[in-house]
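J.: Residue numbers (my numbering), protein chains in the order written: chain X, 1 to 143; chain L, 144 to 398.
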Amino acid sequence: MTGEAGKAQDIFQDTLREAAFLAAKGEPPPDRTWFFREARWRCLDVVAQGVQPEQGTNESTEVSPHAPEQIEQLEPEQLAIWISAAPEPQRSALALYYLDEFNYREMMSMLGLKLNELSRAIASGRREFQTWLNATVPAAAPE
Amino acid sequence: MKRLSRGLRMLAHCAPIENAKAPDRRMRTALSRAKRIEGFAAQQSFDRAVAKLVQATPVSSEIEEWFANEKMAEGAKRNWRKTAFHPAILAIGIALAVIAVVAWIKFDEQMHAFPGTATAKKLLNVAAMTRPSEFEPVQTEAGTLNDLFFMKYRLEHYDVPPEFSRQRTIGVRVFDDDEAGQVAQISLAEKRIQLFLFPARRDSKTGKPEEFQGWRYIEQEGWTGAVQVRKGVLFMAAVRGPKKDLAPYLSKPKE
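Listed below in structure tokens is the structure:
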């Protein structure tokens, strides 16, 4: 999210320090989502001070049945770069969704989004990724 | 996915990548309906492929080191003492205790209730508020007053029970009360005890006086009353103080 390992490490350590401070006061973080929520806000703060991505309208295409084969040809770093270039809160929504560790309620809680906002972020993310995928890894022609 | 309702469509867009992870009934409903819709299978294949790629993302050794002491971040486990003294738990505990005490008091009141409890309690208030000057001075034994009540006020069976019949009186009054009817109030010299005689409550169906056995105690604002019913008339001895102040009179053998 920050684009820099150093900043990410600072945020990681600050988050843990905050958790330790709360635990020392007898109010430890209630669950693991607290860590993600806290770290995300810190990331957004840091990112807000840096260079901002250009806001643009991304083209979108319906998800293709051939997408799995196209995705198989990608390197993980390509996906990471694509997600990190998405605008907030879509970037966080996609990152959390594809980690496949949280249900939609946890994601809504961590991102402070309503269901329709989360749904829109993920659905449009899928379509935009498919557009990018079509441009980057064209699907094999049907036999 | 256009044939799904808007709510279910939104949920289907956030469908868990592994179906077994559906967190609630709404999501399970959305999943079962979405599976019948064209395009959902493609979405799931797409999501599984992306998730697989995410899982394959290498984590650098530098970042792995951050999590070397992962256990350190776990909050201190609460023991039962910490949990019990948590303000929320404490507040709930106190509230439950208060509810239990109030419920017990109400239950105890119900257990000791008798026909005429409300009237007797009202007369305890009367006892607390009556000034000595309101009594007509009568100095005699309480047991002899039944003749006075009958001859002067036509009050039949207004007899002071043997437990108090030998007590010396200092005053008497008879008054009408909305609830109790005609009430005879006697002031005794000893311990400023007051005696009340008033009609017992009548059964609405049979019209007969509602009776009960033995002495019943009631308490109200520092006053204690011992109540008995005989021949359709309730007798109450009232004293300012606890139950034990009246108990010695009631345990006396009948003469």
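C-beta atoms are modelled at their ideal positions from N, C-alpha and C, and glycine is treated no differently.
1) Exposed or buried, what is Tyr296 (chain L) when buried is set at 16 or more other beta-carbons lying within 10 Å of its beta-carbon?
2) With 16 other CB atoms within 10 Å as the buried threshold, where does Glu208 (chain L) fall?
3) What residue range is occupied by the uninterrupted beta strand (DSSP E) comprising Glu362 (chain L)?
4) Can you name the residues that DSSP bridges to Thr262 (chain L)?
5) Run the CB neighbour count on Gly236 (chain L), radius 10 Å, all protein chains shown included, and call it buried at 16 or more, exposed below.
6) Using only the alpha-carbon positions, how far apart do Thr131 (chain X) and Pro65 (chain X) sit?
7) Assess contact between the region 346-356 of chain L and the region 320-336 of chain L, defined as three or more Cβ pairs (one per stretch) separated by less than 8 Å. Is contact present?
8) Can you list the residues of chain X that Met254 (chain L) reaches, using a CB-CB cut of under 7 Å?
9) Could you check the C-alpha separation between Glu106 (chain X) and Glu18 (chain X) for me, to the nearest Å?
10) Buried or exposed for Phe228 (chain L), please, with buried defined as at least 16 other CB atoms from any protein chain shown within 10 angstroms of its CB.
11) Give me the Cα-Cα distance between Glu277 (chain L) and Trp366 (chain L), rounded to the nearest whole angstrom.
12) Taking Cβ-Cβ distances shorter than 9 Å, what residues in chain L pair up with Glu72 (chain X)?
13) Per DSSP, Gln13 (chain X) is paired with what?
14) Would the region 275-290 of chain L count as touching the region 253-260 of chain L if we require 3 or more Cβ pairs under 8 Å?
15) Which of helix, strand or coil does DSSP assign to Leu96 (chain X)?
16) Using the three-state DSSP reduction, which class does Val137 (chain X) fall into: helix, strand or coil?
17) Could you check which residue in L:Ser330, L:Leu233, L:Val303 and L:Met170 has the C-alpha nearest to that of Thr312 (chain L)?
18) Rounded C-beta distance between His300 (chain L) and Val370 (chain L)? I'm assuming under 8 Å.
19) Contact check, Leu147 (chain L) vs Ile180 (chain L) under 8 Å by CB: the rounded distance?
20) Terminal residues of the continuous alpha helix (DSSP H) containing Ile160 (chain L)?
21) I want to know whether the region 83-91 of chain X touches the region 116-125 of chain X - three or more CB-CB distances under 8 Å.
22) Under 8 Å, Cβ to Cβ, is there at least one residue of chain L near Pro87 (chain X)?
23) Where Ala246 (chain L) and Glu161 (chain L) are concerned, what is the direct C-alpha to C-alpha distance, given to the nearest angstrom?
24) Where does Glu143 (chain X) sit, in a helix, a strand or coil, going by DSSP?
25) Applying the criterion that 16 or more other CB atoms from any shown protein chain within 10 Å of the CB defines a buried residue, is Gln328 (chain L) buried or exposed?
26) So which of L:Pro342, L:Val315 and L:Pro230 has the shortest CA-CA distance to Thr287 (chain L)?
27) For the alpha helix (DSSP H) containing Pro28 (chain X), list its first residue and its last residue.
28) In the structure shown, what three-state DSSP assignment does Arg179 (chain L) receive?
29) Give the secondary structure of Ser330 (chain L) by DSSP, where H, G and I count as helix, E and B as strand, and everything else as coil.
30) By DSSP, does Thr200 (chain L) sit in helix, in strand, or in coil?
31) So, under 8 Å CB-CB, Leu266 (chain L) and Val326 (chain L) are touching, yes? Tell me the CB distance rounded to an integer number of Å.
32) List the residues of chain L that Arg105 (chain X) touches, going by C-beta distances under 7 Å, in chain order.
33) For Trp82 (chain X), I'd like the list of residues in its chain whose CB is within less than 8 Å of its CB, leaving aside the five on either flank, ordered along the chain.
34) For Asp14 (chain X), would you say it is in contact with chain L, using Cβ-to-Cβ distances shorter than 8 Å as the test?
35) Could you tell me whether the Cβ atoms of Val197 (chain L) and Leu96 (chain X) are closer together than 8 Å?
36) Relative to the C-alpha of Lys7 (chain X), which candidate in X:Pro76, X:Leu44 and X:Arg37 has its C-alpha closest?
T.: According to the structure shown:
1) Indexing the second sequence from 1 puts residue 296 (chain L) at position 153. It counts as exposed.
2) As a working mapping, residue 208 (chain L) is identified with position 65 in the second sequence. Classification of Glu208 (chain L): exposed, given that the 10 Å Cβ count is below 16.
3) As a first step, residue 362 (chain L) is located in the second sequence; it is residue number 219 there, counting from the start. Its beta strand (DSSP E) spans residues Arg359 to Gln363.
4) Here residue 262 (chain L) refers to the residue found at position 119 of the second sequence. DSSP lists no partner for Thr262 (chain L).
5) On the second sequence, residue 236 (chain L) is found 93 positions in, with the first residue counted as 1. Exposed.
6) Residue mapping note: residue 131 (chain X) aligns to position 131 of the first sequence, counting from 1. Residue mapping note: residue 65 (chain X) aligns to position 65 of the first sequence, counting from 1. One C-alpha to the other measures close to 13 Å.
7) no
8) In the second sequence, residue 254 (chain L) corresponds to position 111, counting from 1. The contacting residues do not exist; Met254 (chain L) stays about 44 Å from chain X at best.
9) Counting from 1 along the first sequence, the entry for residue 106 (chain X) is found at position 106. Counting from 1 along the first sequence, the entry for residue 18 (chain X) is found at position 18. Answer to the nearest angstrom: the Cα atoms are 21 Å apart.
10) Indexing the second sequence from 1 puts residue 228 (chain L) at position 85. With fewer than 16 Cβ atoms within 10 Å of its Cβ, Phe228 (chain L) is classed as exposed.
11) Taking the second sequence and counting its residues from 1, the one referred to as residue 277 (chain L) is at position 134. Taking the second sequence and counting its residues from 1, the one referred to as residue 366 (chain L) is at position 223. Spanning the two alpha carbons is a distance of roughly 19 Å.
12) The residue given as residue 72 (chain X) occupies position 72 in the first sequence. In chain order: Ala192, Lys195 and Leu196.
13) Residue numbering aside, residue 13 (chain X) sits at position 13 when the first sequence is read from its first letter. None, per the DSSP bridge assignment.
14) no
15) Mapped onto the first sequence, residue 96 (chain X) falls at position 96. In this structure, Leu96 (chain X) counts as helix in the three-state DSSP scheme.
16) Here residue 137 (chain X) corresponds to residue number 137 of the first sequence, with the count starting at 1. Three-state DSSP puts Val137 (chain X) in coil, outside helix and strand.
17) Looking up residue 312 (chain L) in the second sequence gives position 169. For the residues L:Ser330, L:Leu233, L:Val303 and L:Met170, the minimum Cα distance to Thr312 (chain L) belongs to L:Ser330.
18) Against the second sequence, residue 300 (chain L) aligns to sequence position 157. Against the second sequence, residue 370 (chain L) aligns to sequence position 227. Not confirmed; about 16 Å, so no contact.
19) One-based indexing of the second sequence puts residue 147 (chain L) at position 4. One-based indexing of the second sequence puts residue 180 (chain L) at position 37. Contact flag correct, Cβ pair sits at about 6 Å.
20) Start at 1 with the first residue of the second sequence, and residue 160 (chain L) comes out as number 17. It is not in any alpha helix (DSSP H) - Ile160 (chain L) carries neither H nor E in the DSSP assignment.
21) yes
22) By 1-based counting over the first sequence, the position of residue 87 (chain X) is 87. No, Pro87 (chain X) does not count as interfacial toward chain L.
23) Translated into positions along the second sequence, residue 246 (chain L) becomes position 103. Translated into positions along the second sequence, residue 161 (chain L) becomes position 18. About 51 Å.
24) As a working note, residue 143 (chain X) is residue 143 in the first sequence. Residue placement at Glu143 (chain X) is flagged as unreliable, the pLDDT there being 45, under the threshold of 50; the coordinate-derived value follows with that caveat. Here Glu143 (chain X) sits in coil by DSSP.
25) Along the second sequence, one-based indexing puts residue 328 (chain L) at 185. It counts as buried.
26) Locating residue 287 (chain L) in the second sequence gives position 144, counting from the first residue. Of L:Pro342, L:Val315 and L:Pro230, the residue nearest in Cα terms is L:Val315.
27) To locate residue 28 (chain X), count along the first sequence from 1; it is residue 28. No alpha helix (DSSP H) contains Pro28 (chain X), which DSSP labels as neither H nor E.
28) The residue you call residue 179 (chain L) lines up with position 36 of the second sequence. It is coil, neither helix nor strand.
29) For the purposes of this step, residue 330 (chain L) is taken as the residue at position 187 of the second sequence. Looking at Ser330 (chain L) - three-state DSSP - the assignment turns out to be strand.
30) Taking the second sequence and counting its residues from 1, one reaches residue 200 (chain L) at position 57. Coil at Thr200 (chain L), not helix or strand.
31) On the second sequence, position 123 is the one that residue 266 (chain L) refers to. On the second sequence, position 183 is the one that residue 326 (chain L) refers to. Confirmed, Cβ separation roughly 7 Å.
32) What you label residue 105 (chain X) is simply residue 105 of the first sequence in a count that begins at 1. Within 7 Å of the CB of Arg105 (chain X), the CB atoms of chain L belong to Pro166, in sequence order along the chain.
33) Working through the first sequence from its first residue, we reach residue 82 (chain X) at position 82. Here the set comprises Phe129 and Trp132.
34) Stepping through the first sequence from its first residue, residue 14 (chain X) is reached at position 14. No, Asp14 (chain X) does not count as interfacial toward chain L.
35) Against the second sequence, residue 197 (chain L) aligns to sequence position 54. Against the first sequence, residue 96 (chain X) aligns to sequence position 96. Cβ atoms of Val197 (chain L) and Leu96 (chain X): not closer than 8 Å.
36) For the purposes of this step, residue 7 (chain X) is taken as the residue at position 7 of the first sequence. For Lys7 (chain X), the nearest C-alpha among the options comes from X:Leu44.
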